[in-house]
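A.B. asks:
There are 4 protein chains.
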Amino acid sequence: MKNGITHLYIPGPTNVPDRVRRAMNVPMQDQRSPDMPDLTLGLFRDLKTAFRNGSGRVFMFPSSGTGTWEAAIQNTLSPGDKVLMARFGQFSGLWVEMAKRLGLDVEAVEVEWGKGVPLDAYERIIAADAAHEIRGVFVTHNETATGVTSDIAGVRRLLDAHGHPALLFVDGVSSIASIDFRQDEWGVDLAVAGSQKGFMLPAGLSFLSVSEKALAANRDNRPKMARSYFGFAEQIAMNDQGYFPYTPPTQFFHGLRVSLDMLFEEGLENVFARHHRLAEGVRRGIAGLGLKLVAAGPEWYSDTVSAITVPEGVDANQVLRIAYERYRTSFGGGLARLNGKVFRIGHLGDLNEVMCLGALAAAEIALCDAGAKIVPGAGVAAANAYYREALAKQRDDGQAAA
Amino acid sequence: MKNGITHLYIPGPTNVPDRVRRAMNVPMQDQRSPDMPDLTLGLFRDLKTAFRNGSGRVFMFPSSGTGTWEAAIQNTLSPGDKVLMARFGQFSGLWVEMAKRLGLDVEAVEVEWGKGVPLDAYERIIAADAAHEIRGVFVTHNETATGVTSDIAGVRRLLDAHGHPALLFVDGVSSIASIDFRQDEWGVDLAVAGSQKGFMLPAGLSFLSVSEKALAANRDNRPKMARSYFGFAEQIAMNDQGYFPYTPPTQFFHGLRVSLDMLFEEGLENVFARHHRLAEGVRRGIAGLGLKLVAAGPEWYSDTVSAITVPEGVDANQVLRIAYERYRTSFGGGLARLNGKVFRIGHLGDLNEVMCLGALAAAEIALCDAGAKIVPGAGVAAANAYYREALAKQRDDGQAAA
Amino acid sequence: MKNGITHLYIPGPTNVPDRVRRAMNVPMQDQRSPDMPDLTLGLFRDLKTAFRNGSGRVFMFPSSGTGTWEAAIQNTLSPGDKVLMARFGQFSGLWVEMAKRLGLDVEAVEVEWGKGVPLDAYERIIAADAAHEIRGVFVTHNETATGVTSDIAGVRRLLDAHGHPALLFVDGVSSIASIDFRQDEWGVDLAVAGSQKGFMLPAGLSFLSVSEKALAANRDNRPKMARSYFGFAEQIAMNDQGYFPYTPPTQFFHGLRVSLDMLFEEGLENVFARHHRLAEGVRRGIAGLGLKLVAAGPEWYSDTVSAITVPEGVDANQVLRIAYERYRTSFGGGLARLNGKVFRIGHLGDLNEVMCLGALAAAEIALCDAGAKIVPGAGVAAANAYYREALAKQRDDGQAAA
Amino acid sequence: MKNGITHLYIPGPTNVPDRVRRAMNVPMQDQRSPDMPDLTLGLFRDLKTAFRNGSGRVFMFPSSGTGTWEAAIQNTLSPGDKVLMARFGQFSGLWVEMAKRLGLDVEAVEVEWGKGVPLDAYERIIAADAAHEIRGVFVTHNETATGVTSDIAGVRRLLDAHGHPALLFVDGVSSIASIDFRQDEWGVDLAVAGSQKGFMLPAGLSFLSVSEKALAANRDNRPKMARSYFGFAEQIAMNDQGYFPYTPPTQFFHGLRVSLDMLFEEGLENVFARHHRLAEGVRRGIAGLGLKLVAAGPEWYSDTVSAITVPEGVDANQVLRIAYERYRTSFGGGLARLNGKVFRIGHLGDLNEVMCLGALAAAEIALCDAGAKIVPGAGVAAANAYYREALAKQRDDGQAAA
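Protein chains in written order, with the UniProt record's numbering: chain A, 1 to 402; chain B, 1 to 402; chain C, 1 to 402; chain D, 1 to 402.
#1: Who are the near neighbours of A279 of chain D in its chain, counting only those whose CB is closer than 6 Å to its CB and skipping five residues on each side?
#2: Out of curiosity, what's the CA-to-CA distance linking A108 of chain B and M98 of chain B?
#3: Once you ignore the five residues that flank T144 of chain A on each side, which residues in its own chain have a CB closer than 6 Å to its CB?
#4: Less than 9 Å between the beta carbons of P79 of chain A and M225 of chain A, yes or no?
#5: Using a Cβ-Cβ cut-off of less than 9 Å, give me the residues of the region 370 to 394 of chain A that come near chain B, in sequence order.
#6: If we count Cβ pairs, one from each stretch, closer than 8 Å, do we get three or more for the region 160 to 174 of chain A versus the region 129 to 149 of chain A?
#7: So A316 of chain A packs on K341 of chain A, CB below 8 Å; how close in whole Å?
#8: Which of helix, strand or coil does DSSP assign to residue 413 of chain D?
#9: Does any residue of chain C have a CB that is nearer than 9 Å to the CB of M98 of chain D?
#10: Return the residue from the list A:A177, A:F252, A:R222 that minimises the CA-CA distance to G198 of chain A.
#11: Measure from the C-beta of N221 of chain D to each C-beta in chain A and report whether the shortest distance is under 9 Å.
#12: Nearest-angstrom Cα distance between A392 of chain B and A295 of chain A?
#13: Should Q241 of chain C be labelled buried (16 or more other beta-carbon atoms within 10 Å of its own) or exposed?
#14: The region 4 to 17 of chain A: which residues have C-beta closer than 9 Å to a C-beta of chain D, in chain order?
#15: Give me the residue from B:G333, B:A370, B:K115 with the minimum Cα distance to D151 of chain B.
#16: Is DSSP giving A273 of chain D helix, strand or coil here?
#17: With a Cβ-Cβ cutoff of 9 Å, do A370 of chain A and V314 of chain A count as a contact?
#18: Roughly how many angstroms lie between the CA atoms of R337 of chain D and D350 of chain B, to the nearest whole one?
#19: Is the beta carbon of L268 of chain C sitting closer than 9 Å to the one on A401 of chain C?
#20: Below 7 Å CB to CB, which residues in the same chain sit around L100 of chain B once its five sequence neighbours on both sides are set aside?
#21: Does the CB of V294 of chain C have a neighbour CB from chain A at under 9 Å?
#22: Report yes if the C-beta distance between L205 of chain B and G204 of chain C is below 9 Å; otherwise report no.
#23: Let me confirm a value: F207 of chain D is counted as buried when at least 16 other C-beta atoms fall within 10 Å, else exposed. Which label applies?
#24: What are the complete alpha helix (DSSP H) segments, minimum 4 residues, inside the region 275 to 351 of chain C?
#25: Are the C-beta of P27 of chain B and some C-beta of chain D separated by less than 9 Å?
#26: Taking the CB atoms as reference points, tell me whether G65 of chain D and S211 of chain D lie closer together than 9 Å.
#27: Inspect the beta-carbon positions of A71 of chain A and R219 of chain A and report whether they are closer than 9 Å.
#28: At a cut of 8 Å, does the region 17 to 33 of chain B reach the region 372 to 391 of chain B through at least three beta carbon pairs?
#29: Taking A102 of chain A as the query, report the chain D residues whose CB atoms sit under 9 Å from its CB, ordered along the chain.
#30: Using a Cβ-Cβ distance cut-off of 9 Å, determine whether Q196 of chain B contacts chain C.
#31: Can you tell me whether L124 of chain C is helix, strand or coil according to DSSP?
#32: Counting Cβ pairs, one atom from each stretch, are 3 or more of them under 8 Å apart for the region 242 to 249 of chain B and the region 177 to 188 of chain C?
#33: Label H254 of chain D either buried or exposed according to how many other C-beta atoms from any shown protein chain fall within 10 Å of its C-beta, with 16 as the threshold for buried.
#34: Compare the C-beta of R257 of chain B against all C-beta atoms of chain D and say whether one is closer than 9 Å.
#35: Output, in chain order, the set of chain C residues within a Cβ distance shorter than 8 Å of D151 of chain B.
#36: With distances taken Cα to Cα, identify the nearest neighbour of C368 of chain D among D:G333, D:V354, D:R344, D:Y327.
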C-alpha cells in the first residue's frame, strides 16, 4: 500500500521545501544568455555568506559532495603530499580512502566510532611535524554515520598554536547551513558541502568554499594533480562573469536562489538554533525510550543526525525494513560496523517539531514491531515536554528583546 | 517561522498526493480537441464505479460541492415541493437553508448534534405521507461538523417499507470514496461529492451521481426550477460525446484520472478498510487522552473526521490557534454551536498510520500548551497499540487467504 | 507522434505562464486558516484594479464564466423582467438562451454575424422604453465566435442620453485583462470574466465585477430569482473577512496572485497595446495570405481572436484536423453557422511575436495540406514586416519619452 | 517585457517535455531504500538499448558531459599514453585540451572547421603505428560548434583494416538518442552522452557507455590515472545491486525513466528519422534565405544543430542579441573563431515541425532587424514545402506498409 506521504528522516537527501521544488520546475534556458549572470552572481555572493567566507570564493560543481571532496584535493595538493586525517565513521573513512586513491600520503588517525576529531592526537602529530611536511589537515565536521560533530575551531587553534601552515580541509556536507560553521573565523581553507542536506535541494550540485590561502595554493608552483572537470582555473575564468566552463544545471540555480532566500529570511543563527532545538527534542525522545546514542557524549552530539543503538536482541535492519515497508518511513541505516546495530534519524533541513514528533512515533511503532521492549509514547512525550519548554523560552526571550 | 511541511488534518481539502499534483500540472489544452473524449469518457465511466452507480450517470460540475447540492435540487424538484430533511450539524443545516432559499417547502427534523439521520422520525413522517406529497428525502451521509455518519441504507429501507416514491438525496461530500457508499444498492437518487475530500484533488470540481429515476424526474412534465449552469440536459447532450457545454477545467480531469487509478489500484474495499483503521486509531488515541468525541456513540462514528470535545476550561479555538501558529498543524474548528468547544481531526484521503500518529502528537502538544490536563504520549501510545494489532491481523488475514 | 509542445492558439483556455503554473502547484491548505485573508483580500483589491472598478466589488466563483453569467442575472433581476440583448455570434446567442431559461422576458436583436452590438437598434428600443420596463441591457464585449469587439462606451452613452436606468451587463470573458475595459468610466454594472483567458489561469474560476448600483439592485425589495450557490449576500458576508461561504479552490488564488502581478508589472496599458500589436500582426498575416476575416470591418476587429474564412472549396474543419493531428496545433473551430467555413486564431494572454509567427506558419502549412491556394510564407512575411515596424516605433517612442 | 514562452533553439539544454518535467518533480527519497533498484536497474538496462550496447555497461555520473569525458580517460588510460584526436570545432578542441591536461600524449590532427573526423589522416597515422603505441582514438561524433557529424563507422573500419587495438572513444553528447548511433556495430569502446540533449532532461546527469573491451582495459595491469569520483570499480560494485557509491540525483532517474519510455514509444529509428526530417526542413529554410551552413557539405550535415553563416556585413552576435531581447528566442552563438560570424539553430530533442517553422520565422525577423538582406518568409516557405512533402511520403509509406 502506498498511501500518504513517505516520511523521510534520513540525513540527506532531506525534504525539499515545496517552494524550492516549485522554483526548480522551470523550462530549460540558455546557459550563455546575457541575463544568466543576474541569477548566478547573486548565488556566488550569497553562498559566501552561508559559508561565512568573506574573502575567498565558492565553487558550484555539478556533482555529488563526493566529487567536491576530490575537487578540494586535486586543486591544492600534489601526488605524494602528506596529509593528516582521522577515521571515526563511514564518511571520514571514505575520504581517507579517496585521498589514498588520489595518491596522497595519508596519516590516518583511527578514532573510536562515537567520537570525532581527536584533537590530542592531531596536536601531537602537528607538533612533531616541524618540517611542515603535512600539507593538509582534514576534518569531517559532522560524521553522518555516527551522529558526531567535531570541533573545527579546536583544530584551527592547535594549528595556530604550532604555527603550522597546512591547509585545513573540512567536510561540511551534513553540517553547513544546519549547524554553526564559520569559515573565516575558523580558518577553514576548503569547505565541502552538498545541495541535498542543509541547502534543502535535491542531490546533484555541490559546493566548495575556499579561502584566499587555498586559492594561492592552487596557483603556486607545486605540480598539482591531474584534473580538468574539477579544475579551479577554468571555473574562475567563467564564474567571474557569471558563467561556467561547461553546461551547468540551471534548474538547480533557481532552487538554490530560493533555498538561500529561505535561510536568510529565517536568519542563519535561527536556522542553527532550530536545528539544535529539533535535534535535542529527538534526543530527549530517544532517552525517553531508554535507548542510547552512538555519540559518546554530549560534546559529540550532532544537531543534524542521531545514530541510535537498538536494544540487545533487536535487529536494527528489521527496524528499518518495518519502518519503510509497513509505515512508509525512511530512517538511515547503520553503516559498516554499525550495520544491524544502529538506525539513524536525520533531523536537518526543512523540518519542524511535529515532523520530529512523527519521526519518534514512527520509530516507536517500528521498534515495537521489531520486538524492542520500549514504552510506546514515552519518546513522543519526552520530546513534547522539551519542545514546549524550549519554545516557551524562545517566546519569552523574544518578548524580553522586544 | 515557516519550516517544514504544514500538517493538514482538516476534513477537506485533504492532502493531494504528489502523483495527483504532478498529473494536474499540465499545459492548457483545447477542450474541443478530437482526443479529449479519450480522457473524459473514461472518467465518466470510472466515476460510476466509484459511486457504485451501475445504471445512472455522473455529472462533473466546475463548482464546489455546494454548487452540486443546488444542481441536485434544481434539476429534479419544483418550487414549493415538499421535502424531508434533518439538521444535525453545520452542513446538514446549510443544506436545509439552501433548500428553503431555492423555494422548497422543507420539513426539517431537528436532531441532537452528535447523532445522525433520525430513522424513527423519518419513518413517522414518511408513514404519515400517504399522499406522497414529499418529493425528496435528504440525508447528509457524513456530517463533517460533528464527525457523524448516517445510515443511508436504513433510510432506503423505510422508504421501501412504505412504498414511498420520494427521491433520495444524499450529501456524500465527506464520505464518498472514503467510506462505504452503494448508490444502486441503497437506492440513492442523487449523490453529491466534491473533488477535495476522498477524491484527493484540490477544491474546484464536484460530482453529482444520479439514478435513472432522478434522470426521469428531470425529464418529467413537472416544471423545474430555473437553472442553466447546473442544468442536466445541456450536460447530457455534450457529455455523451465526451465534451461539455462550457469550458471545463481540464487540469482537474488529468488529476481525477490519477486519483481514480489510485483508488482502484488500492481497491475501494481496501480504501474503506484503511479509512476505518486509521480513524479507529485516532479514536483510540483520543480516548487514550481521556477526551470525548461529539459523536454520541460508536454507531455514529465517522471514519473520515473526528470532532473532539476539549476538557472543561480549555478553549478549543486556542488549541487550534496554537496548533497552527506554533506547530504548523491545521485541525478543523468547532462550527456554529460547537465553536470554542470542539476541534476536529480530518483523517481521510491520502493518509497513513504515521501521519495519524503525527496528528495525535500535534494534538497532544497543542492541548498541553492550551492548558489541557492530558498525559502527553498517551494518545500516540493508544494508537500505536491499535495500529500494530490491526496491521498484524491484516497480515495474518492476507497469509490465510494466500 | 507526440513530439514537442502542442501549439495552443485557441481563444481560451490560453497558455498558462510557467510562473503561474508553478504558483498553482501548491499543497492544499485550510481555507479557514488565520492567514488566508493575507492572500485573498489582496486579490479582491487587485481584481478591482484590473476591472477598473473603483467603488463596487468583485466576486470570485468556483465555476466557468457561464456560471457567472447566471450569477449576474440571478442576483439582480426578477423572473419575468424585460431585458435587451443582441445575438451576433455563438456566445452572445448562448447568453440569450440562458436569460430565457432563467425566465427573463428577452428582447433579442438579431445582428449579422461579423458585427457587434447594434447601437442604432439599441438606441431605438431604449428610446421607446419610456416606462423603463427594460431592467437590463446586455452586451457581449468580445464575441469569441466571430472575433468581433463591441463598443461598450457607446451603449453607456445611449443609455445616458435617454436617462435610462437599466443595469448594464457585459460579458467580458474574452476581453477583460486583454483589451481595454473601463468599468467605472463606461458605467458597467455587471462585468463577467473567466480565469482562462486574459487572466492566464486554467479554467475553473470566474469573476463578477459589480458596481454599487448592481449591489443596490441586489439588495432592493424586488423579488430576485431563486439562487444560493451564486448568491451575493453569502459571498459578501464572508469575502469582507477574506473568506468564502464554501470551500474555495485556494490553488487558483496563488495562481491569480501571480497573474495579477504579471499584469501590473507589465502595466495594463502595455498589456492592451501588446494584444493590439500581436493581433494586428496576425491580421496582416491573414491578409497577406489573401484570406478574409469574419469581422465586417476594422471597427469590429478583436484584439484577442481572429475568425478567418477559408477559401471557397476548402473545408475549415479539415484545416483544423490537419493542424491538430499533423502539426500539433490547436486553432479554434467555426461555431454554429460558421462551422466548416471558418477557423479561429486565439491571440490573447501570455503571448509574444514569435508565437504569433509560429501560429501563422502553422496555419499556412495546414491550409496548404487542406488544398487552399495560398502562398506559403506570405503570412509570416506580412506579420514580420508589421512587427518590426511596430516594435521599432515602440522603441523610438520609448527613447523619445526618456 | 517577458511575455509568452522563451523559444529555445540551442543545441542543448533542449526543451524538456512537460511529461519529463512532471516526472522529475518528486519528493526526495532514500537512495538506499529497498525498492530503489526497481527503478535503477531498468534504467541501466534501457540505457544500453539506447546506446545499442549489448554486452558492455552504462554508467550514470552526476556531472555534465565534460565530467564523463574525463571519466572515459581516467579509467582506461595511463598518464603519458599516446592518443589520436582531431580538432575541428570548439568541443573537439576542448576534449584535446582536457586530454593534455590529464597528461596524455596527444596527437591532434587539425581539420578545417566545417568538416569532421579526417579518415585519411587517421588512417595514415594508424597505419604508421605498427607498434600500437596509440592507446586511444578519439572522435567527436557531432561537433556542436559547427553542426558537423562525423563517420564513426569509418573510423572503426580503418582500425579494423589495420588490426589496431586502440580503444575508440566517442563524444556523442549532441548525437546520441537523436542521430543514429550503434555502439556494438561500430565497435565504440567509450561513448559519452549527457542528459540535456537527446535525452530531453535538464543538465546534471551524464552517461558513459562502455564496451567489454573498455572494461577489460579498466581492469588490466597498466597503472591508471588517479581517480575516485569517476572510478568504474566503485560504480560497478554498487550499480549491480541498483545502488550508487555516493548520493545519486534520484529526481533525474524519474525523469530518465520517462524520457527513455518516450524514446522507445516513438521507436529509436523514428526518433532518428524525425530528427533528420526536422533538420532538413531547417536546412531548406536556411537555403531559402540564401544563407550558408558552416558544414562543408551534405556529408557533414548534422541533424541536431545547424551553424549558419550570416551575410557579409552582418554581426551574428547582434542577430543573437536581437533574437533574445526583442523576440525571446535563444539561438546558439558562434564559438571561438566563429564568433560574430555564425549563429546556430539547435533542432534536437522534443521538437516538431511547427517549432522549427517558428525557429525559422524568428531567425528571419532577427536577421532583418540586424540588417541582413533576406526575403522574409522565404525560409518558412521552403521548410513548409519540405515538411509537407516529407510527411506525405511518410504517410504513403505507412499506408503501403499497412
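C-beta: ideal position from N, C-alpha, C; glycine also. None of these values were measured; they are calculated from a predicted model.
C.D. replies: This is what the structure gives:
#1: D303, H347
#2: 12 Å
#3: P11, F91, S174, V305
#4: yes
#5: V375, P376, G377, A378, G379, V380, A381, A382, A383, N384, A385, Y387, R388, L391, A392
#6: yes
#7: 6 Å
#8: Residue 413 of chain D is absent from the model: chain D starts at 1 and stops at 402.
#9: no
#10: A:A177
#11: no
#12: 34 Å
#13: exposed
#14: I5, T6, L8, I10, G12, P13, T14, N15, V16
#15: B:K115
#16: helix
#17: yes
#18: 58 Å
#19: no
#20: Here residue 100 of chain B is Lys; the residue named in the question, Leu, does not match the sequence. V106, listed in sequence order.
#21: no
#22: yes
#23: buried
#24: 316 to 327
#25: yes
#26: no
#27: no
#28: no
#29: The sequence shown places Leu at residue 102 of chain A, not Ala. The answer, in chain order, is A226, R227, S228.
#30: yes
#31: It is Arg, not Leu, that sits at residue 124 of chain C in the sequence shown. Looking at R124 of chain C - three-state DSSP - the assignment turns out to be helix.
#32: no
#33: buried
#34: no
#35: Neighbours of D151 of chain B on chain C: none; closest Cβ ~26 Å, over 8 Å.
#36: D:Y327
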